[in-house]
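Under this note's numbering, the residue at position 39 of the sequence shown is numbered 41, and the numbers go up by one with no gaps.
Written below as structure tokens is the structure these notes are about.
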Amino acid sequence: MAHADIDPTAPPRRRIGAVVLVQDPAGRILLVKPTYKPGWQLPGGGAHAGEPVAEAAERELAQETSLRLRISHFLALDQIPANPTTGTAEGFNIVCDGGTLTRSHADTATIPEPARTELEDLHWIPLGQLGEYARPYQERRIRAALHAQQRRESLPLLHHGTPIL
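Have a look at this one:
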């Protein structure tokens, strides 16, 4: 969830983020709007030390959107350089495949009360409007993940060599 579990004065040397690409039946992308930085982004966040990526993606998705999905594959790996100005550590964001929800399941997406300090909104964004919401690097990440998904190029998430099922 929030970055409260990361000490801003001593961030980890390398951060692993688990974000989730989820679509509704109309092909819209679920994005969340953080309170602590501009733009909209895929739901997700940092994996805790020793936490498998699939579990981190599932946990973060539930904490930010109330959606409970089983995550077993990823679509893209995005390496993020360190930013000395903001103190952000170098890291990797793993874009996990949340699939396409039914209309009734998509309608249950909401920001849980504990997440309201870090998220101000969530919205299903039509692909044609993605650039109006997401920052350029976020848009590129999402489009690359969508491209992989459309080509059925997802890869299994493994934990100690075993596929997450």
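Glycine is no exception: its CB is placed at the ideal position from the N, C-alpha and C atoms.
Given the structure is predicted, the values throughout are model-derived calculations rather than measurements.
Check: Inter-residue spacing [alpha-carbon to alpha-carbon] between Asp109 and Leu160; Outcome: 30 Å
Check: Reference Gly176; option with closest CA among Arg16, Gln43, Gly93 and Glu115; Outcome: This structure does not reach residue 176, given that the chain is present from 3 up to 167, and the question cannot be answered.
Check: Closest residue to Leu129 among Gly19, Ile31, Pro27 and Arg15 (Cα-Cα distance); Outcome: Ile31
Check: Residue range of the beta strand (DSSP E) that includes Glu120; Outcome: Looking at the DSSP string, Glu120 is not in any beta strand (DSSP E), and its letter there is neither H nor E.
Check: Distance, Leu167 Cα to Ala147 Cα; Outcome: 20 Å
Check: Ala20 beta carbon less than 7 Å from that of Ala58; Outcome: yes
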